[in-house]
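In order, the protein sequences belong to chains A and B. Here the working numbering is used: position 44 in the first sequence is 44, and no number is missing along the way. To convert, count from 1 in the second sequence and add 1000; that's the working numbering. Note that CB positions come from ideal geometry on N, CA and C, so glycine has one too. Here is the structure we will look at.
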Amino acid sequence: AQSVTQLGSHVSVSEGALVLLRCNYSSSVPPYLFWYVQYPNQGLQLLLKYTTGATLVKGINGFEAEFKKSETSFHLTKPSAHMSDAAEYFCAVRKPNQGGKLIFGQGTELSVKP
Amino acid sequence: DAGVTQSPTHLIKTRGQQVTLRCSPKSGHDTVSWYQQALGQGPQFIFQYYEEEERQRGNFPDRFSGHQFPNYSSELNVNALLLGDSALYLCASSETGGANTGELFFGEGSRLTVL
């Protein structure tokens, strides 16, 4: 069975500091990996995804993530945090042949201090 | 271009009642998935509809059922509501069968409170 673990339910950084949100997964087959962001009272928005190819993936709003198969990780980073980055972030995994069935982690709430 | 739209946005029901939630997919999408997001949790997959049939199902009881219409819109029905059904219900649409890109577009959700 697939699963996703997000380390740290709350992360707080200062504006301008590095953002690092951790995600580890387990999967019986090479998975597709995703990061979604959720702002208060809104749905989820895709930040970036890894399917195949280059393991360093760039997404929207300056975020990127690196797929490391040996570590079964897909950590999300951003060099410099903005106040507008404050939100809930979800890592998700799915098998390549299971289109709609994403398995989500518990989420990490990112706070950005001025 | 309208994205995924869901209705109602908020509703309150009592235990034992039934509820129907509605979803219109993004233009050009024909596949709809439903997720339940309890407070403080990540979304959990309920089921996916494509070509008016349930194609995949998560670990939810038969009280949760759905339907997809010829125009690709979808309904989620929950019978015999329990307090634990209180959650944000998210609809997501995608291109045919969820395609290899796996990109789901989510609506803003319907927040259900069961008293």
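Residue pairing by DSSP puts Ser1110/B in a beta bridge opposite Tyr1089/B. Rounded to the nearest whole angstrom, the C-alpha separation of Ser12/A and Glu1052/B is 44 Å.
If you draw a straight line from the Cα of Gly53/A to the Cα of Ser1073/B, it comes to about 34 Å.
For Lys58/A, the uninterrupted beta strand (DSSP E) segment begins and ends at 56-58.
Think of a sphere of 7 Å around the beta carbon of Gln42/A: the chain B residues whose beta carbon falls inside it are Glu1108, in chain order. Apart from the 5 residues on each side of it in sequence, His1067/B sits with its Cβ closer than 6 Å to the Cβ of Glu1075 in its chain, given in chain order. The continuous beta strand (DSSP E) containing Lys49/A extends over residues 44-50. Between Gly100/A and Thr1031/B, the beta carbon gap of about 6 Å places them in contact (Cβ cut-off 8 Å). Between Gln1056/B and Gln98/A, the C-beta spacing is below 8 Å. Each residue's CA atom was taken as its position, placing Arg1015/B and Leu1082/B some 5 Å apart. Lys69/A counts as exposed, since fewer than 16 other beta carbons sit within 10 angstroms of its beta carbon. Two segments are said to touch when three or more pairs of C-beta atoms, one from each, lie closer than 8 Å; by this definition the segment 77-95 of chain A touches the segment 27-47 of chain A.
The contact set of Glu1103/B on chain A, defined by CB atoms closer than 7 Å, consists of Leu46, Lys49 in chain order. Taking all protein chains shown into account, Asp1062/B has fewer than 16 neighbouring C-beta atoms within 10 Å of its C-beta and is therefore exposed. Inter-residue distance for Tyr1050/B and Thr108/A is about 31 Å (C-alpha atoms, whole angstroms).
With contact defined as three or more Cβ pairs closer than 8 Å, the segment 1079-1096 of chain B and the segment 1036-1044 of chain B are in contact. When CB distances to chain A are screened at a threshold of 8 Å, the residues of the segment 1054-1065 of chain B falling below it are Arg1055, Gln1056, Gly1058, in chain order.
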